[in-house]
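Chains as they are written, first to last, in our numbering: chain F, 10 to 343; chain U, 59 to 313. To start, the structure itself, in structure tokens.
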Amino acid sequence: MIAVRNLTKKYAHNVAVDRISFEVAKGQIVGFLGPNGAGKTTTMRVLTCFLPPTSGSASVAGFDVLEQPIEVKRRIGYLPETPPLYLEMRTSEYLTFVGKIKGLRGAELAKRVNYVLERCAVADVKDRVLGKLSKGYRQRVGLAQAIIHNPDVLILDEPTAGLDPKQINETRDLIKSLAGDHTIILSTHILPEVEQTCQQVIIINKGKLVATDSVNNLQNRARGAGSVLVEIASRNGPLDPAAAKNRLELVLGVTRVLPRTSRANFLTFEIEGKNDLAIRGDLVRAIVAAGWDLNELRTASVSLEEIFLQLTNPPTDNSESKQNSATDRAAAGV
Amino acid sequence: MRNIGTICQKELRSYFVSPIAYLLLAMFAVIFAFFFWNVLGYFVYLGMESQMRGEMFPMNLNEEVIRPLVSNVSVISLFFIPIITMRLFAEEKRNGTIELLVTSPVHDFEVIFGKWLASLILYASFLFLTALNFIWLFKYGNPDWKPMAVAYLGLLFQAGALLAIGTFISTLTRNQIIAGAATFGICLLLWVLEWVAGYESATWAQVLAYLSVLTHFDSFSKGLLSSKDVVYYVSAIVLGLFLTARSMESLRWRS
Chain F
10 MIAVRNLTKK
20 YAHNVAVDRI
30 SFEVAKGQIV
40 GFLGPNGAGK
50 TTTMRVLTCF
60 LPPTSGSASV
70 AGFDVLEQPI
80 EVKRRIGYLP
90 ETPPLYLEMR
100 TSEYLTFVGK
110 IKGLRGAELA
120 KRVNYVLERC
130 AVADVKDRVL
140 GKLSKGYRQR
150 VGLAQAIIHN
160 PDVLILDEPT
170 AGLDPKQINE
180 TRDLIKSLAG
190 DHTIILSTHI
200 LPEVEQTCQQ
210 VIIINKGKLV
220 ATDSVNNLQN
230 RARGAGSVLV
240 EIASRNGPLD
250 PAAAKNRLEL
260 VLGVTRVLPR
270 TSRANFLTFE
280 IEGKNDLAIR
290 GDLVRAIVAA
300 GWDLNELRTA
310 SVSLEEIFLQ
320 LTNPPTDNSE
330 SKQNSATDRA
340 AAGV
Chain U
59 MRNIGTICQK
69 ELRSYFVSPI
79 AYLLLAMFAV
89 IFAFFFWNVL
99 GYFVYLGMES
109 QMRGEMFPMN
119 LNEEVIRPLV
129 SNVSVISLFF
139 IPIITMRLFA
149 EEKRNGTIEL
159 LVTSPVHDFE
169 VIFGKWLASL
179 ILYASFLFLT
189 ALNFIWLFKY
199 GNPDWKPMAV
209 AYLGLLFQAG
219 ALLAIGTFIS
229 TLTRNQIIAG
239 AATFGICLLL
249 WVLEWVAGYE
259 SATWAQVLAY
269 LSVLTHFDSF
279 SKGLLSSKDV
289 VYYVSAIVLG
299 LFLTARSMES
309 LRWRS
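In structure tokens, the structure reads:
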């Protein structure tokens, strides 16, 4: 449905997108992932014919963005980062206007306006002036505007940015429910969003394509290391971290023990073993034999965030990236 | 082509849904009414004076009232046109709605022409208000309506040209005030250019005078429809809209 080949976009002083190639099949939801300034918006603007590519090509539904922009535009619904609303218009009036410039007329137009009003849950504000709507409503009107002409492809630039958690969930659900009829590309820098909504991920950083894969594959890729997190506690007095570490290292099959956090009576270790499954039993027995409590034992986290950070950051400063991922997670409200 | 209508309608709505249109209409009406009262008062004064002196040659409403009045309108317009055009593209650029227009299956020229047409229609509604005053002349006098119609046509041509230039300037910035101020500057410049012709008759002065919008309005105000002036205004309109189209295109290459 979407094919991008060696796409490059240069501005006067920098290269925003550098030889990116990817394809998106019909009906998929693809997450377009990257830190701020990675080139997500630029790529989307090329796909929507807002910006011409410097070199390379992009096509939507078989139409090239440079050769047949009008055909491409007919098949694309686009929600820019800030919804393009005429703030002095009323909701239904605005949607009618957008429907008209997208080529709808008469009964068909009225039908589609009513449909998107319901679909995006903005029917209750259809006579309100857009400038007076809350951010969540504006975003949904923006989505309604993007799907009004029933486009094959939906391009959504950070559709959940600036919404509160409830609105974020509603918007994600809405996007997911649109997936059947439309091919969707959504950009974001919030990783759980991709895990929750998308089937396919395209990660870019500094204008370069870093990875393109399914969400499952990417998660599996990072799981390969097979490390385990354990949290132990002592019933009588503080634990000696060094002693605990030494004891755990003695367990058969353990190759490395990394202290993670230590708080009064709790110690957390990340333990790497030759074989993830085999060491767990021995670990538990060793911990119990030593007279400690086992509070937690789980597979070390494999969120997309860590994969993302691994892929976008040089792996040298590991500790810092771990910290970043923790703050990111807090910021994303997870 | 239908898109031109859609865009034009949208622009007109946003003029009339905000106070801008009404404010401009009211100001234009008041200023014109003042001029009308003034010119008419002078006309009556002249009439009484010539009667007292026993002069018998007839006084002409078209020459003595309508002509100075439409000339005044053409000058007042210079002040109003920047306010009409400044928002056309600058506002869309600031609000990001330009992205909606550009990524919709409409051609650039449809957007540009639609917007320009809306601004011209708004200006025409100003003229309609001024024309209402002239009803009194027809009620109590006997002016010829044909030169008046030509004068109004000239006003529309002149405004069309300036509006096209204003539309172009509005694409250059996302700041309405800058767009308005720059358009105002250019309007003034195009007005005063003709002043050089007053003392200088060299070719360059003639060229400058030719470029002035108001020189070309002169014959219209007399009720003369000269093809030379029509050509000037039409080419100014085409140039303005053409530059707008180029600027809209370059917006994409640059942004």
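Beta carbons are placed, not taken as given, at the ideal position from N, Cα and C, and that holds for glycine. Predicted, not measured: the structure shown is a model, and the values here were computed from it.
In terms of residues, what are the limits of the alpha helix (DSSP H) holding F/A188? Premise fails: F/A188 is in no alpha helix (DSSP H) and is neither H nor E.
Roughly how far, in whole angstroms, is the beta-carbon of F/K254 from the beta-carbon of F/V239, given that I think they are within contact range, below 8 Å? About 11 Å separates the two Cβ atoms, so there is no contact after all.
Taking only the alpha-carbon atoms, compute the straight-line gap between U/T225 and U/E168 and give it to the nearest angstrom. 14 Å
Starting from U/G218 and walking both ways along the alpha helix (DSSP H), at which residues does that stretch end? W203 to T229
Can you look up U/L248 in the DSSP assignment and give me helix, strand or coil? helix
Outcome for U/G221 when other beta-carbon atoms lying within 10 angstroms are tallied against a minimum of 16: Residue 221 of chain U is actually Leu in this sequence, not Gly. That one is buried.
Could one say the Cβ of F/P168 lies closer than 7 Å to chain U's Cβ atoms, at least one of them? no
Kindly identify the DSSP beta-bridge partner or partners of F/I38. F/I193
Taking its Cβ as the centre, do 16 or more other Cβ atoms sit within 10 Å of F/P247, making it buried, or is it exposed? exposed
What residues from chain U crowd round F/C129, counting only those whose CB sits closer than 9 Å? Within chain U, no residue comes near F/C129; the closest Cβ sits about 16 Å away, beyond 9 Å.
Can you round the beta-carbon distance between U/T229 and U/T302 to whole angstroms, since I take them to be within the 8 Å contact cut? 6 Å
Using a Cβ-Cβ cut-off of less than 9 Å, give me the residues of the segment 48-79 of chain F that come near chain U, in sequence order. R54, T57, C58, F59, L60, P61, P78 and I79
To the nearest angstrom, report how far apart U/Y103 and U/V128 are at their CA atoms. 20 Å
Between the beta-carbon of F/A67 and the beta-carbon of F/L56, is there less than 7 Å? yes
Grab the span of the alpha helix (DSSP H) containing U/W95 for me, first residue to last. P77 to M110
Chain F partners of U/T155, CB-CB under 8 Å? P93, L94 and Y95
Nearest candidate by alpha-carbon position, reference U/G99, set U/R60, U/V133, U/I295 and U/E122: U/E122
Among the residues of its own chain, which have a CB less than 6 Å from the CB of F/A19, if the five just before and after it don't count? The residue you asked about is not Ala; residue 19 of chain F is Lys in the sequence shown. The residues are T63.
Per the contact definition of three or more C-beta pairs closer than 8 Å, is the segment 27-45 of chain F in contact with the segment 207-217 of chain F? yes
How far does the alpha helix (DSSP H) with U/Y268 in it extend, from its first residue to its last? T261 to L269
Is the beta carbon of U/V164 closer than 7 Å to that of U/N61? yes
Per DSSP, F/Q209 is paired with what? F/V39 and F/S223
Could you name the residues of chain U that F/K254 contacts, counting a contact when the two beta carbons are closer than 7 Å? Simply none; closest approach about 55 Å.
Which one of F/D161, F/V203 and F/G189 has the shortest CA to CA distance from F/N178? F/V203
Measuring only the C-alpha atoms, how far is F/D190 from F/V263? 50 Å
Counting only Cβ pairs nearer than 7 Å, list the residues of chain U close to F/G112. P163
Anything in chain F within Cβ reach of U/T64, meaning under 9 Å, just list it in chain order. F106, K109 and I110
Please work out which residues of its chain come closer than 6 Å, Cβ to Cβ, to F/Q176, disregarding the five sequence neighbours upstream and downstream, and give them in chain order. G145
Contacts that U/R310 makes with chain F (C-beta to C-beta distance below 8 Å): F59, L60 and P61
Selected residue, minimal CA-CA separation from F/D249, among F/P201, F/A299 and F/A220: F/A299
Identify the contact partners of U/S72 in chain F, using a Cβ-Cβ distance below 9 Å as the criterion. Y95, E97 and M98
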